[in-house]
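This report concerns only the one structure given below.
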Amino acid sequence: MKKIFLSIITITLCIISSSCSDDFIVHDERGTQTLDNYFSTTQECQTFVNDLYKRAFLHYDWYQLIPGRLANETATDDAWMGNTGQNASGMIPAAQYLMTANNMGYLSDLFKTRYENIGGCNVAIEGITKSTISEVQKNQYLGESLFLRAYNYYDLVNNFGGVPLALSPLGTGDLNLERATKEEVYASIEKDLLMAADLLKPSYAGSDKGRVTKWACYALMARVSLFQEKWAEAETYSSKVITEGGFSLESNFLSIWNVKNHNGVESILESQTSSDPAQQLGNILSTFTGARGESKDNFPSLSAGDVMDGWGWCTPTSDLENCYLSENDVVRRRSTITVSGDAAYGDETNNPTHIWDIRQSKSGRIIRKFYIPVATRRTLVSTFGNAPLNLPVLRLAEMYLTRAEANFHLAPGKAMADVDIIRNRVGLSPKSGKVSGDNILRAIWKERRMEFAFEGLRLFDIRRQIDPGTNKPVIASLMGPSGTFVLYNTTLSTDKNETTNLKELQDKGTNFDINKNLLWPIPQSEIDRSGGMINQNPNY
């Protein structure tokens, strides 16, 4: 074998099951094979690409991506670290803005893991391009690999800024790459997405349902255009998905997180899951964020099989709950947050008073979006890592709010119409004509917070959004010693759980420094590995 990338020296062979639509990324390790004779058959191309999906969204080595995703949530006004009964050292660097290049907690593996994934994509792109399989199959697997490479770079650029661009399999002598600029990384992402869109089909059925489509490419183009303040492009691509993609909003907001509604009508792309332990495709977020200290005695059945054994991390803040309450948004509040003692929304019969040990919970709340219904829990071989709950990656509601924000800058009179579509779905009154000027933008941002809480967007949003009142990123208005979120928690909050459980400090966010915390540091180990070719982010 002539070429490798980082630690990828051999390729895991995958055996695919096609018994249901969630199984296209199932694999069963049966040995290894070098690249010299790989990608010669459709099966080899398919199984390699299927594994790229798994590594991009719900990595089977759970510590690679999932804890880092939650750590990012705790760096916002939406979440506490939450679990006050265990060592929180993995969460503290992000949650308390104490991050250093040598102490990144749960984010320490993100950089390496994303590049390993990119390396796999590069191997696939080169190998499939040279393959002799049919053009139809080649286009599909090549398009998927390009999209997944773009997605990995999207995550890197929003966490770390400009990063090295590796766009082909690298030899051992090629590992020391300098950082590209943020603009160059985004340009590469856009190129990959548009190439992929030209190659991919608009939809798949049967066992292939859930694969990346051309609409996923356009939807991610809409997002990255918005993040770059390319308003015209954001409007164009979001409109394209809305008008041509054939998607529709779920009539019931909670259905988006229904274990029986995988790849629903609103879904543009979601990570696929399975409850079969052998497939290593369970949603570990349901364990990570599940209620800590449940007891069978608190369920009507009095059965131990109803207990999830959650770990209680990343608990919603009262500040987030107040956001919903200020709009009387009952549906999204209860679909996003469960307060200890309240019925589990949508699972009221089997869990009418969801109670757990709030002595081990900073806020006495859990994330409802990742909750596994009692009836499903009873079917699981093990609740750890086997939750069959797909995770949205891209969904139609985002396209409406992307277009709304783009139109605020292009045609302000159109902006609130899309916001009202999203509000109507959850029974809220329209805001068109009731807000004006910069308050239109603030209303759009508020809607994004309520709609996408805990879907991996909040930190990236508040870093990119520029507060019209200060001309600084919104995160700087929220965090720091005089930030509104910090002052709410330290001087205004009367929340009985948050203000009495001080095992997690109440001044969360006070250490935020605008001069460095708009990005995370590059791990020192990666700088060392590059021989100093990679330079550190400012002030780390």
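Read in order, the letters of the sequence shown are residues -21 to -1, 1 to 519 in mature numbering (1 follows the signal peptide of the UniProt record, and there is no 0). Cβ atoms here follow ideal geometry from the backbone N, Cα and C, with glycine treated the same way. Just so it is clear, the structure is predicted and the values come from calculations on it, not from any experiment.
Could you have a look at residue i and say whether DSSP puts it in helix, strand or coil?
i, result
"residue 473", "coil"
"residue 361", "coil"
"residue 44", "coil"
"residue 306", "coil"
"residue 218", "helix"
"residue 58", "strand"
"residue 499", "coil"
"residue 452", "strand"
"residue 352", "coil"
"residue 72", "helix"
"residue 143", "coil"
"residue 1", "Because the pLDDT of residue 1 is 45, which lies under 50, any placement of that residue in the model is unreliable, and the question is left without a value."
"residue 17", "coil"
"residue 384", "helix"
"residue 174", "helix"
"residue 506", "helix"
"residue 96", "helix"
"residue 421", "helix"
"residue 258", "helix"
"residue 6", "Below a pLDDT of 50, predicted positions are generally treated as unreliable, and residue 6, at 40, falls in that range; no measurement from the model is reported."
"residue 389", "helix"
"residue 514", "coil"
Spatial neighbours of residue i within its chain, please: C-beta separation below 8 Å, excluding the five flanking residues on both sides.
i, result
"residue 495", "516, 517, 518 and 519"
"residue 49", "58, 70, 85, 264, 267, 268, 292 and 293"
"residue 230", "404"
"residue 200", "169, 172, 173, 176, 212 and 216"
"residue 4", "Low per-residue confidence applies at residue 4: pLDDT is 41, beneath 50, and the placement is therefore not dependable, though the value from the model is reported in the following sentence. Excluding sequence neighbours, residue 4 sits near 29, 30, 32, 33, 251 and 260."
"residue 462", "455, 456, 488, 489 and 491"
"residue 390", "none"
"residue 278", "285, 286, 329, 330 and 353"
Let me know if residue i comes out buried or exposed under the rule of 16 or more other beta-carbons within 10 Å of its beta-carbon.
i, result
"residue 214", "buried"
"residue 356", "buried"
"residue 22", "exposed"
"residue 177", "exposed"
"residue 392", "exposed"
"residue 307", "exposed"
"residue 56", "buried"
"residue 31", "buried"
"residue 251", "buried"
"residue 521", "For the chain, the structure presents residues -21 to 519; residue 521 sits outside this window and is missing."
"residue 184", "exposed"
"residue 195", "buried"
"residue 111", "exposed"
"residue 448", "exposed"
"residue 276", "exposed"
"residue 65", "exposed"
"residue 222", "exposed"
"residue 480", "buried"
"residue 281", "exposed"
"residue 51", "buried"
"residue 360", "exposed"
"residue 157", "exposed"
Tell me residue i's beta-bridge partners as DSSP assigns them.
i, result
"residue 79", "82"
"residue 370", "250"
"residue 405", "None; residue 405 has no bridge partner."
"residue 318", "344"
"residue 295", "58"
"residue 445", "452"
Apart from the five residues on each side of it in sequence, which residues of its chain come closer than 7 Å, Cβ to Cβ, to residue i?
i, result
"residue 147", "101 and 105"
"residue 59", "53, 294, 296, 341, 342, 483 and 487"
"residue -13", "With a pLDDT of only 29 at residue -13, under the threshold of 50, the placement of this residue in the model should not be trusted; the figure read from the coordinates follows. Here the set comprises nothing."
"residue 354", "329"
"residue 28", "103, 120, 123 and 124"
"residue 284", "356 and 357"
"residue 396", "411"
"residue 417", "447"
Near residue i, which residues of its chain fall below 6 Å by C-beta distance, leaving aside the five closest residues on each side in sequence?
i, result
"residue 129", "168, 171 and 172"
"residue 385", "210, 213 and 214"
"residue 135", "93 and 142"
"residue 468", "485"
"residue 270", "289, 335 and 345"
"residue 349", "264, 265 and 268"
Taking 7 Å as the cut-off, is the C-beta of residue i nearer than that to any heavy atom in the ligand SAM?
i, result
"residue 434", "For the structure depicted, the ligand SAM is absent and the ligand set is empty, with no information on it obtainable."
Okay, do the segment 232 to 248 and the segment 366 to 379 touch, 3+ Cβ pairs below 8 Å being the bar?
yes
Below 8 Å, how does it come out for the segment 425 to 435 and the segment 374 to 381: are there three or more Cβ pairs, yes or no?
yes
When you compare the segment 232 to 240 with the segment 309 to 325, are there three or more beta-carbon pairs, one atom per stretch, that lie closer than 8 Å?
yes
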